[in-house]
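Protein chains: 2
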Amino acid sequence: MKNIISNINKAFDHRIRLGIMSVLMVNDHVDFKTLKELLGATDGNIASHTKALEKQHYITVEKSFIDRKPNTRYIASDKGRKAFKEHLDALEKLLNAKNDLNI
Amino acid sequence: MKNIISNINKAFDHRIRLGIMSVLMVNDHVDFKTLKELLGATDGNIASHTKALEKQHYITVEKSFIDRKPNTRYIASDKGRKAFKEHLDALEKLLNAKNDLNI
DNA sequence: TTAAAGTACTTTGAAAAACAAAGTAAAACA
DNA sequence: TGTTTTACTTTGTTTTTCAAAGTACTTTAA
Chain A
3 MKNIISNINK AFDHRIRLGI MSVLMVNDHV DFKTLKELLG ATDGNIASHT
53 KALEKQHYIT VEKSFIDRKP NTRYIASDKG RKAFKEHLDA LEKLLNAKND
103 LNI
Chain B
3 MKNIISNINK AFDHRIRLGI MSVLMVNDHV DFKTLKELLG ATDGNIASHT
53 KALEKQHYIT VEKSFIDRKP NTRYIASDKG RKAFKEHLDA LEKLLNAKND
103 LNI
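Quick note, the sequences are listed as chains A and B, same order. Residue 81 in the working numbering sits at position 79 of the first sequence; the count goes up by one each step and never skips. Residue 39 in the working numbering sits at position 37 of the second sequence; the count goes up by one each step and never skips.
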């Protein structure tokens, strides 16, 4: 490891993406509307942040119709779960670091 | 609390600022060069992220000369320490949330 | 039956943030 | 004396974030 933040995953830097992933770690899926309410974000925001996570293959998207209406469901992929766990480990290490630097 | 991320502090969303603050929580000061090495960031990067934290009054800056050379030292303010602790609490709550939503 | 309102998103384009390259100024070295 | 190094700061471009507007229906209600 070269520096103290090298294992912090850039993809989870943003609070909305952090929120999406933590919801998906404890629930096996969420839909667009629920995510929007849980995170207090705008439509465009949810759309772009889920797209970013999808691009990294950290979540998958399932589209269907429920009661004749479109429904979009997000699920964490194995890759996403792994990456998120590693991110949390890195966070924990960073924060608990009795940083071995002596200034 | 309106949503699950409302107590996550936007100012600490970025990994470099997260790094700076966690270093400053356990060390009462760091200088520019040390920060740069610890975080593996470029000069401009350190400059702009410290400036962002300074703007929020989360850190203070002390400029002096050491061995005839300019030295910039960063220190977490009380406000910054408080904000960071609250941020960590919010993070912990978010991550441990057996989110009371039942999908 | 048809116009207006609502739902569930996606797209767009402007604003803000992040980045590294270039710039500055003094010190050290040769 | 000139060149290199150190310790930053400034600049301008790229990338990201954001919410407003757009799309494609469905529901309500006149």
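C-beta atoms are modelled at their ideal positions from N, C-alpha and C, and glycine is treated no differently.
Annotation: the region 44-86 of chain A contains the following complete segments of the alpha helix (DSSP H) (minimum length 4 residues), in chain order: 45-57.
Nearest to A/Leu26 by C-alpha distance, out of A/Thr74, A/Arg83, A/His89 and A/Lys57, is A/Arg83.
For the C-beta of B/Gly42, the chain A residues within less than 8 Å are, from N- to C-terminus, Lys4, Asn5, Ile7 and Ser8. Interface criterion met: the Cβ of B/His16 is under 8 Å from a Cβ in chain A. From the listed residues A/Lys57, A/His51 and A/Ile7, the smallest Cα separation to A/Lys81 is found for A/Lys57. A contact is defined here as three or more CB-CB pairs under 8 Å, and the region 37-50 of chain A fails this definition with respect to the region 13-30 of chain B.
A check of alpha carbon separations from B/Ile61 across B/Leu93, B/Ile77 and B/Pro72 identifies B/Ile77 as the nearest. In the DSSP assignment, the residues bridged to B/Asp33 are B/Arg75. Close CB contacts of B/Ala92 within its chain, under the 7 Å cut and outside five residues either way in sequence, are with Asn9 and Ile10 (chain order).
Nearest CB-CB separation between A/Gly21 and chain B: below the 8 Å threshold.
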